[in-house]
Amino acid sequence: MKADDRRQIERGMRAGDEDIYDENEIWMRWSGDKVDIGERLARVVRALARGLSPGKKLRALSIGSGSEPQFRILEAFFRGGLYLLDIDRAALDVVKQRIVRQRIAPVTLIRGDYTGLLLEPTRARDFFRARLGSARLDLITLHHSLYYCPESAWGPLFGNLYRVLLGRRGAVHAVLMSSSCGDQDTTTWLYNRFAGKFFGARNDQNLIRFGENTLRTSPAFARAAVRCRSDRVRFWVDDFGEFMAVVWMILLYPEVHRYTPEQREEITEFIYRRFWKRRRPLVQVQDHLAVYRGFAGRDLL
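Residue 2 is where the sequence shown starts when you use our numbering, and the numbers rise one by one after that.
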């Protein structure tokens, strides 16, 4: 192996030492992920706004998206109250600084673990009364935050969001990396390949399956409009260290999976040869689920 190639491999192995917040910043800057989320979110917001009087102020809860770019869309549209619930103090601090600097209102920051607050009906009602005021919400978003909740608990979670927090006319919008993709250029394949090989792990959280097989057949959602779709987004950055920092974030290193130095070297060499040397972008297939209450129609996602 050439000396320059070896230096790149060693740099890529060290890239996993980046803070996950910094890794996510690289992903947000150089991938099409947030553009895709923004486009789908805009469709949901347009659907919510149909037929409303110009003076109607909408309210929203964003679960786990912290300081990500869609905050700008939410802040502009939901002037009746925007609530950001996140376990990550750093992400909320970034938003807090922006609120003060740009004098943004009304935005409420809530630090907490949604899995402890919203999975049980009584706790969900207590959270609603104590933290969200007296009015129900028009929109609830779960953008890449369902990873932290097992699919077996999604039914109770969505049930509480729908019955306890959402208004008579509102929507829940969720986004998640697809779990079913055999394309070797995708984040799904990458995670299943290496987390599977070294830890027996596999991404089995399937948002489309949940929407189509669980929500659409549940009596509790009999009057809901459930819409699903998948999009492909691309990631490329012309810096191998930053490219690998995102790969380690996708492979959940070191927060979940602690790959050994030998395993990290194998992964880094694979990425270097398959993607970097060929200038091949990494692809993410991501699933969108929108659950509408009090709506009908096809063009909802």
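Positions of the beta carbon are idealized from the N, C-alpha and C atoms, including for glycine.
Would you mind reading off the limits of the beta strand (DSSP E) that contains residue i?
i	result
residue 160	Premise fails: residue 160 lies in the alpha helix (DSSP H), 155 to 161, not in any beta strand (DSSP E).
residue 288	283 to 294
residue 61	60 to 64
residue 138	138 to 144
residue 234	226 to 236
residue 109	108 to 112
residue 168	167 to 178
residue 191	Run containing residue 191: none in the beta strand (DSSP E); it sits in the alpha helix (DSSP H), 188 to 200.
residue 6	No beta strand (DSSP E) contains residue 6, which is instead part of the alpha helix (DSSP H) from 4 to 15.
residue 83	82 to 87
Ordered along the chain, which non-local residues of its own chain (more than five positions away) have a Cβ less than 7 Å from that of residue i?
i	result
residue 305	The structure shown does not extend to residue 305, since the chain is modelled only from 2 through 302, so no value can be given for it.
residue 167	137, 138, 141, 173, 294
residue 195	252, 268
residue 182	189, 190, 286
residue 39	70, 71, 74
residue 192	204, 251, 252
Since residue i and residue j should fall inside the 8 Å C-beta cutoff, what is the C-beta to C-beta distance between them, to a whole number of angstroms?
i	j	result
residue 175	residue 143	4 Å
residue 100	residue 86	That belief does not hold up - the Cβ atoms of residue 100 and residue 86 are roughly 15 Å apart, past 8 Å.
residue 258	residue 41	The pair is not a contact, with the Cβ atoms about 29 Å apart (cut-off 8 Å).
residue 273	residue 206	Wrong, their Cβ atoms sit about 29 Å apart, outside the cutoff.
residue 27	residue 243	5 Å
residue 62	residue 133	7 Å
residue 231	residue 179	6 Å
Are the beta-carbon atoms of residue i and residue j separated by less than 7 Å?
i	j	result
residue 75	residue 83	yes
residue 89	residue 67	yes
residue 225	residue 160	no
residue 17	residue 254	yes
residue 158	residue 208	no
residue 165	residue 199	no
residue 69	residue 250	no
residue 58	residue 80	yes
residue 270	residue 21	no
residue 19	residue 246	yes
residue 154	residue 120	yes
What's the call for residue i, buried or exposed, on a 16-neighbour Cβ count within 10 Å?
i	result
residue 2	exposed
residue 201	exposed
residue 1	What is shown of the chain runs 2 to 302, which leaves residue 1 out entirely.
residue 287	buried
residue 36	exposed
residue 218	exposed
residue 260	buried
residue 91	exposed
residue 188	buried
residue 71	buried
residue 8	exposed
residue 52	exposed
residue 60	buried
residue 131	exposed
residue 4	exposed
Checking contacts by CB at 7 Å: is residue i closer than that to chain B?
i	result
residue 271	Absent here is chain B; the protein component of the structure consists of one chain.
Grab me the residues of residue i's own chain with a C-beta within less than 6 Å of its C-beta, minus the 5 sequence neighbours each way, in chain order.
i	result
residue 46	78
residue 146	64, 65
residue 212	227, 229, 290
residue 292	173, 225, 227
residue 107	82
Whose C-beta lies closer than 8 Å to the C-beta of residue i among residues of the same chain, with five residues either side of it excluded?
i	result
residue 1	With the chain represented from 2 up to 302, any question about residue 1 goes unanswered, as that position is not in the structure.
residue 30	238
residue 197	203
Determine the extent of the alpha helix (DSSP H) in which residue i is found, giving its start and end residues.
i	result
residue 30	21 to 31
residue 128	122 to 132
residue 56	Note, residue 56: premise wrong, no alpha helix (DSSP H); not H, not E.
residue 115	115 to 118
When you measure from the CB of residue i to every non-hydrogen atom of the ligand ADP, does any distance come out below 6 Å?
i	result
residue 157	This structure lacks the ligand ADP; in fact it carries no ligand of any kind.
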